[in-house]
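Read through the structure below, which is laid out as structure tokens, and then see the notes.
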Amino acid sequence: MVTKDEARRFLSDCAPEQCFWCNNGPVLKNLEELANFLPEMNEDTFRHHVNNDKNDFSNWVRDIIGDQKLADNLLSSSTRESALKKVMNRLNSLRKKAG
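Just so we're aligned: 79 in my numbering is position 79 of the sequence shown, and the numbers increase by one with no gaps anywhere.
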């Protein structure tokens, strides 16, 4: 179970050098921005970052944000809709925990 401090850390902005750089330009600095960008992202961009060889979103969430649970959940997301649902569910849970 995530602690209040962990939830706050997972919800915070990452350092500028650790932001997620989408291949089509946008730079994401937190989970909220990921959740906001996923619905707008075109399929080519999503496939660039999530395919049979890699899942850049899962890697970023695990290695930079530090949220292993969400990172694991994102590994099984093969569509933008699935990824968005998992990110939104986790965001809601973290917001409640963070207070």
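Virtual Cβ for every residue (Gly too), placed ideally from N, Cα, C.
Classification of residue i by the beta-carbon crowding that lies within 10 angstroms, buried from 16 upward
{"i": "Trp21", "result": "exposed"}
Residues near residue i in its chain [Cβ-Cβ closer than 7 Å; skip 5 each side]
{"i": "Lys97", "result": "Val2, Lys4, Ala7"}
{"i": "Ser58", "result": "Ala71, Leu74, Leu75"}
{"i": "Thr45", "result": "Cys22, Asn23, Asn24"}
Proximity winner among the options, relative to residue i (alpha-carbon distances)
{"i": "Glu17", "options": "Asn24, Arg9, Lys29", "result": "Lys29"}
{"i": "Ser93", "options": "Glu32, Asn52, Ile64", "result": "Glu32"}
{"i": "Arg80", "options": "Gly99, Ile65, Trp60, Glu40", "result": "Glu40"}
{"i": "Leu117", "options": "Met88, Asn52, Arg95", "result": "Outside the displayed range of the chain (1 to 99) lies residue 117, so it cannot be described from this structure."}
{"i": "Ser82", "options": "Arg95, Ala35, Gly99", "result": "Ala35"}
{"i": "Asn52", "options": "Ser12, Ser78, Leu11, Leu91", "result": "Ser78"}
As assigned by DSSP and simplified to three states, the class of residue i
{"i": "Leu38", "result": "coil"}
{"i": "Asn55", "result": "strand"}
{"i": "Val50", "result": "strand"}
{"i": "Val118", "result": "Any property of residue 118 remains undetermined from this structure, which presents the chain solely from 1 to 99."}
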